[in-house]
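Undergrad:
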Amino acid sequence: MHNHVLPGIDDGSPDIESSMELIGTMVDAGYKRIVATPHIYKEFYPNSRDTVSEAFDTIAEKVKEKHPQLSFSFAAEYFLDEHFESLLDQKALMPFRDNHVLIEQGFFAPYKKLKEVIFNIQTKGYVPVLAHPERYPYYYAKPEKLQELQENGVLLQLNLLAFANRYGKEGRQQAEWLLSRGLVSYLGTDAHRMEHLQLLSQLKVSSKMLPQIEACTW
Ligand SMILES: [Fe+2]
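Per my numbering, the very first residue in the sequence shown carries number 36; after that it's consecutive.
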């Protein structure tokens with residue numbers, strides 16, 4: 036439920052062929068459902084419902100033909116900014132699972148109006164899902180801030196790559212801290228390219244984490 040497999044619209048898959056390769060690798064690994072979540076980040080990836088659905092349409096038929104069992108759909112990964120807030124005001128977001136909205140914020144500082152935006156997301160009837168909470172360095176010394184968000188109804192989505200040390204020791208520790216406390220609702224690949232899936236194929240996690248991992252399957 037978090038990846039960048041749609042072709043040519045963000046920093047993920049560059050073309051249809053790469054998208055098919057990524058999706059095929061995920062299916063071979065046992066994935067039953069893929070929700071594509073391209074970036075919507077006005078400054079760098081100014082995507083819209085149109086650009087996302089057009090990119091999806093370029094591969095949807097091929098995916099269905101090749102992987103008839105796979106549930107394949109799209110949503111978006113929204114960067115918190117004023118553009119997001121205006122889409123929210125118009126109730127024009129692309130959710131997954133009916134009303135779940137995947138959001139991310141900057142890596143240098145939390146969004147200045149984070150609490151207010153979360154409240155607005157919820158008031159509009161959406162469920163906020165914070166992407167990769169283990170990647171925000173400003174929470175490393177205070178993971179309880181993430182717990183507080185979770186207690187306020189923000190679902191947390193870990194990137195599986197954290198367990199492959201992709202975000203360093205602190206990222207892994209943060210991911211383990213959240214998972215071991217049962218604070219995580221979703222696990223995603225956040226796959227942008229094949230290298231990420233290769234890393235995941237070699238992933239090893241401690242067996243004591245398996246119950247928490249299984250609790251995140253959807
Ligand atoms: Fe992402």
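Every residue, glycine too, gets a C-beta built ideally from N, C-alpha and C.
For a quick check, are the C-beta atoms of Leu41 and Pro73 less than 7 Å apart?
TA: yes
Undergrad: Going by the CB atoms, is the gap between Asn200 and His167 shorter than 7 Å?
TA: Between His167 and Asn200, the C-beta spacing is not below 7 Å.
Undergrad: Given this structure, state the Cα-to-Cα distance separating Ala110 from Thr86, to the nearest angstrom.
TA: 12 Å
Undergrad: Consult DSSP for Arg216 and reduce its assignment to one of helix, strand or coil.
TA: coil
Undergrad: With hydrogens ignored, establish whether the beta-carbon of Asp85 is closer than 6 Å to any heavy atom of ligand 1.
TA: No.
Undergrad: Tell me whether Tyr225 counts as near ligand 1, meaning its Cβ is closer than 6 Å to at least one heavy atom of that ligand.
TA: The question names Tyr, but residue 225 in the sequence shown is Asp. Yes, Cβ of Asp225 sits closer than 6 Å to a heavy atom of ligand 1.
Undergrad: Can you give me the start and stop residues for the alpha helix (DSSP H) that His118 sits inside?
TA: Unbroken alpha helix (DSSP H) run through His118: Glu117 to Asp124.
Undergrad: Let me make sure I understand the geometry here. Which of Lys243, Gly206 and Ala197 has the alpha-carbon closest to that of Thr224?
TA: Ala197
Undergrad: For a test of your reading of the model: does the CB of Glu112 fall under 6 Å from any non-hydrogen atom of ligand 1? Yes or no.
TA: yes
Undergrad: Quick one: which unbroken alpha helix (DSSP H) runs of 4-plus residues sit fully inside the region 69-123? Chain order, please.
TA: 84-101
Undergrad: Could you please give the first and the last residue of the uninterrupted beta strand (DSSP E) stretch that includes Ala166?
TA: Val162 to Ala166
Undergrad: Buried or exposed, going by whether 16 or more other CB atoms sit within 10 Å of the CB of Gln125?
TA: Looking at its Cβ environment, which holds fewer than 16 other Cβ atoms inside 10 Å, Gln125 is exposed.
Undergrad: For Val136, which option in Gln237, Lys148 and Phe114 has the closest C-alpha, if you only look at C-alpha atoms?
TA: Phe114
Undergrad: What are the partner residues of Ile51, as DSSP defines its beta bridges?
TA: DSSP lists no partner for Ile51.
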